[in-house]
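Novice: Each number in our numbering corresponds to the 1-based position in the sequence shown with 1 added.
Note that CB positions come from ideal geometry on N, CA and C, so glycine has one too.
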Amino acid sequence: MSPTPRRIVALAGGVGAARFLRGLVRAVDPGQLTVVANTGDDLVVHGLRVSPDVDTVVYTLGGGIDEARGWGRADDPTTVQDELASRYGEPTWFTLGDRDLATHVLRTAWLAEGATLSEATAALAKAWGLGFTLRPMSDERVTTRIDTEDGRDLHFQQWWVGERGEPGVAGVRFDGADQAVPAPGVLGAVAAADAVILCPSNPVVSISPILALPGVRAVLRATPTVGVSPVVGGRVLRGMADRLLPVVGCRVDAAAVAGLYRDLLDGWVLDEADANRAEAAAEYADHVAVTDTMLAEPDAAQRVAEVVLDVAEQAMGTAS
Ligand code: FO1
Numbered sequence: 002m003s004p005t006p007r008r009i010v011a012l013a014g015g016v017g018a019a020r021f022l023r024g025l026v027r028a029v030d031p032g033q034l035t036v037v038a039n040t041g042d043d044l045v046v047h048g049l050r051v052s053p054d055v056d057t058v059v060y061t062l063g064g065g066i067d068e069a070r071g072w073g074r075a076d077d078p079t080t081v082q083d084e085l086a087s088r089y090g091e092p093t094w095f096t097l098g099d100r101d102l103a104t105h106v107l108r109t110a111w112l113a114e115g116a117t118l119s120e121a122t123a124a125l126a127k128a129w130g131l132g133f134t135l136r137p138m139s140d141e142r143v144t145t146r147i148d149t150e151d152g153r154d155l156h157f158q159q160w161w162v163g164e165r166g167e168p169g170v171a172g173v174r175f176d177g178a179d180q181a182v183p184a185p186g187v188l189g190a191v192a193a194a195d196a197v198i199l200c201p202s203n204p205v206v207s208i209s210p211i212l213a214l215p216g217v218r219a220v221l222r223a224t225p226t227v228g229v230s231p232v233v234g235g236r237v238l239r240g241m242a243d244r245l246l247p248v249v250g251c252r253v254d255a256a257a258v259a260g261l262y263r264d265l266l267d268g269w270v271l272d273e274a275d276a277n278r279a280e281a282a283a284e285y286a287d288h289v290a291v292t293d294t295m296l297a298e299p300d301a302a303q304r305v306a307e308v309v310l311d312v313a314e315q316a317m318g319t320a321s
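1. Would the beta-carbon of ASP176 fall within 7 Å of that of THR144?
2. Have a look at LEU266, GLY65, ALA171 and flag the residue whose alpha-carbon is nearest the alpha-carbon of ARG100.
3. Do ASP140 and SER119 have their C-beta atoms closer together than 7 Å?
4. Contact between the region 44 to 62 and the region 236 to 246 is defined here as three or more beta-carbon pairs at a separation below 8 Å; is this criterion met?
5. Tell me the DSSP secondary structure of GLY63 in three-state form.
6. Does the region 209 to 221 come close enough to the region 273 to 292 to have 3 or more Cβ pairs within less than 8 Å?
7. For ALA103, count neighbouring C-beta atoms within 10 Å of its own C-beta (all shown protein chains included) and say buried if the count is 16 or more, exposed if not.
8. How would you call VAL182, buried or exposed, if buried means at least 16 neighbouring beta carbons within 10 angstroms?
9. Express the C-alpha separation of PRO231 and ALA213 in angstroms, rounding to a whole number.
10. Compare the C-alpha of LEU34 against each of ALA128, ASP311, LEU12, GLN158 and name the closest.
11. Should THR89 be labelled buried (16 or more other beta-carbon atoms within 10 Å of its own) or exposed?
12. If you drop the 5 nearest sequence neighbours on each side, which residues of the same chain put their C-beta closer than 6 Å to that of ARG263?
13. Report all residues from its chain with a CB closer than 6 Å to the CB of MET2; omit the five preceding and five following residues, and keep chain order.
14. Going straight from the alpha carbon of LEU85 to that of TRP94, what length do you get?
15. Can you name the residues that DSSP bridges to ILE9?
16. So, using beta-carbon positions, are THR40 and PRO137 closer together than 7 Å?
17. Less than 6 Å between the CB of ASP56 and some heavy atom of the ligand FO1, yes or no?
18. Whose C-beta lies closer than 6 Å to the C-beta of GLY73 among residues of the same chain, with five residues either side of it excluded?
19. Only counting the same chain, and skipping five residues up and downstream in sequence, which positions put a Cβ closer than 6 Å to that of GLY163?
20. Taking the straight line between their C-alpha atoms, what separation do you get for ASP83 and PRO53?
21. Quick one: Cα of LYS127 to Cα of ALA194, how far?
22. Can you find a heavy atom of the ligand FO1 that lies under 6 Å from the Cβ of THR96?
23. Along the chain, where does the alpha helix (DSSP H) that runs through HIS47 open and close?
24. Helix, strand or coil for ALA75? Go by DSSP, reduced to three states.
25. Have a look at LEU265 and ALA196 and give me their C-alpha separation to the nearest angstrom.
26. By how many angstroms is the C-alpha of GLY172 removed from the C-alpha of VAL248?
27. With a threshold of 16 other CB atoms inside 10 Å of the CB of ALA1, please say whether the residue is buried or exposed.
28. Assuming ARG108 contacts ALA121 under a Cβ cut-off of 8 Å, what Cβ separation, rounded to an integer in Å, is found between them?
29. Would you give the residue range spanned by the beta strand (DSSP E) that ALA171 belongs to?
30. DSSP three-state call for LEU271: helix, strand or coil?
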C-alpha cells in the first residue's frame with residue numbers, strides 16, 4: 002500500500018484554486034501544506050502593489066472573499082477610489098474597494114520598509130489566520146504580458162479588466178520569469194513534498210508563470226504531481242482560459258490541458274462531464290480519476306480534494 006500524502010504543495014491561481022484549497026485544508030493537515038501563488042497578474046494601482054491571486058487565496062480561505070465576484074472583499078464600498086477618481090482624476094478601471102485597499106496599503110508599506118513579498122504575504126496570511134504556508138511564486142517582479150493581434154503589448158490586467166478581454170490575443174509572455182528566482186522555500190517545499198497539486202486554475206496565465214521560473218519544472222518532475230482540470234464539460238466556468246488556451250495551441254478540452262503538463266504529470270482529475278476524455282488524458286498521466294469537480298461549496302471541494310489525494314497516493318506508489 003502507498004503511504005498517504007502528507008506534505009503537499011499546491012500551485013495556485015485565483016478563484017478556482019482558492020475554492021479548491023478551501024476543500025484541501027479540510028482534507029490534509031494545513032501545517033503540512035504550502036500554497037505557491039501566481040504573482041504574474043500583480044500590478045501597481047494608485048501607487049499600491051496589488052497581488053490579486055495571493056489576495057484571492059487569503060480572502061477565500063480567511064472567510065472575507067466576495068463570493069459572487071470571486072475576488073476582492075465582501076461588503077466593500079469604493080469610497081476611497083471614488084474620491085481618488087472624482088477629485089484627482091485617478092483611473093478606476095481596476096476596482097479596489099475600501100477594505101481591499103487596506104491590504105494593498107500595508108503590503109506596499111511593508112515592501113517600502115524593505116520586506117520581501119514573501120514576508121509581506123506571510124504577514125497577511127497570519128493576520129487572516131491561515132493555517133498553511135502561503136508563498137508568492139517569486140519575490141521578484143514577473144509580469145504576464147499580452148501581445149494583442151492589433152500589435153499592442155498590454156499588462157494582463159489591462160487586457161482582461163481594462164479592455165474586458167476584447168482584443169484578440171497573439172501571444173502571452175512572462176516578463177522577467179527567466180531571470181527571476183522562485184521565492185525562498187518554494188523549490189525546497191516541492192522537493193520535500195509527497196505530492197504537488199496543480200489547482201484547477203488557468204493553465205496559461207496562472208500555472209504557467211510559476212512553471213516558467215527557473216528550476217520549478219525540474220523539481221516538479223522529481224515529485225508526484227497531480228492536476229485538476231479547469232475545463233469542465235469542454236468549457237471553462239469563469240475567467241478567460243477559453244480565450245488563451247488556443248493561443249498556446251491547446252484545445253479547450255480536459256485531456257488537452259493535461260497534455261500541456263505532460264512532462265510533469267503523474268495524475269489528472271477531470272469532471273464527470275468529461276468522462277469520455279479520461280482515456281485521452283491517460284496518455285499524459287498514469288493515474289486518472291473522474292469525479293464531480295464542482296467547488297463552490299466547501300463540502301464539495303473537500304470531496305474533490307480527497308479524490309486528488311487518492312490519485313496522489315497512487316502516484317506515490319508508482320513514482321520512481
Ligand atoms: N477583476 C475584474 O474583472 N475587474 C476588476 O475591477 C478587478 C479588480 C480586482 C481587484 C483586486 C483583486 O484581487 C482582483 C481583482 N479582479 C478584478 C480580479 C483579477 O483581475 C483577475 O481575475 C485575476 O487576476 C485572475 O486570476
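Specialist: In terms of the structure at hand:
1. Less than 7 Å divides the Cβ of ASP176 from the Cβ of THR144.
2. ARG100 has its Cα closest to that of GLY65, out of LEU266, GLY65, ALA171.
3. In contact: ASP140 and SER119 (Cβ atoms closer than 7 Å).
4. No: fewer than three Cβ pairs fall under 8 Å.
5. If DSSP states are grouped into helix, strand and coil, GLY63 belongs with the helices.
6. Too few Cβ pairs lie closer than 8 Å, so no.
7. Flag for ALA103 reads exposed.
8. Under a 10 Å Cβ-count criterion, VAL182 is classified as exposed, with fewer than 16 other Cβ atoms of the shown protein chains found around its own Cβ.
9. Their Cα atoms are separated by approximately 19 Å.
10. Taking each of ALA128, ASP311, LEU12, GLN158 in turn and checking the Cα distance to LEU34, the smallest one comes out for LEU12.
11. First, the amino acid is wrong: residue 89 is Tyr here, not Thr. With fewer than 16 other Cβ atoms within 10 Å, it is exposed.
12. The beta carbon of ARG263 is closer than 6 Å to those of TYR285 in its chain, skipping five residues each way along the sequence.
13. Any reading at MET2 is ruled out, since the residue's pLDDT is 49, under 50, leaving its predicted position unreliable.
14. Taking the CA atoms as reference points, LEU85 sits about 12 Å from TRP94.
15. Answer by DSSP bridge pairing, in chain order: LEU34, ALA196.
16. Against a cut-off of 7 Å, the Cβ pair of PRO137 and THR40 comes out as a contact.
17. Yes, the beta carbon of ASP56 sits closer than 6 Å to at least one heavy atom of the ligand FO1.
18. If you ignore the 5 residues before and after GLY73, its C-beta comes within less than 6 Å of the C-beta of ASP67, GLY98, ASP101, all in its own chain and listed in chain order.
19. Apart from the 5 residues on each side of it in sequence, GLY163 sits with its Cβ closer than 6 Å to the Cβ of TRP94 in its chain, given in chain order.
20. Rounded to whole angstroms, the gap between the alpha carbons of ASP83 and PRO53 is 20 Å.
21. If you draw a straight line from the Cα of LYS127 to the Cα of ALA194, it is about 22 Å long.
22. Flag set: Cβ of THR96 near the ligand FO1.
23. It is not in any alpha helix (DSSP H) - HIS47 carries neither H nor E in the DSSP assignment.
24. Judged by DSSP in its simplified three-state form, ALA75 adopts coil rather than helix or strand.
25. Taken atom to atom, the span from the alpha-carbon of LEU265 to that of ALA196 is near 12 Å.
26. In this structure, the straight-line span from the alpha carbon of VAL248 to that of GLY172 is close to 6 Å.
27. Given a span of 2 to 321 for the chain in the structure shown, any question on residue 1 remains unanswerable.
28. ARG108 to ALA121, Cβ: 5 Å. Contact.
29. Looking at the DSSP string, the run of the beta strand (DSSP E) that includes ALA171 is 170 to 176.
30. Three-state result, LEU271: strand.
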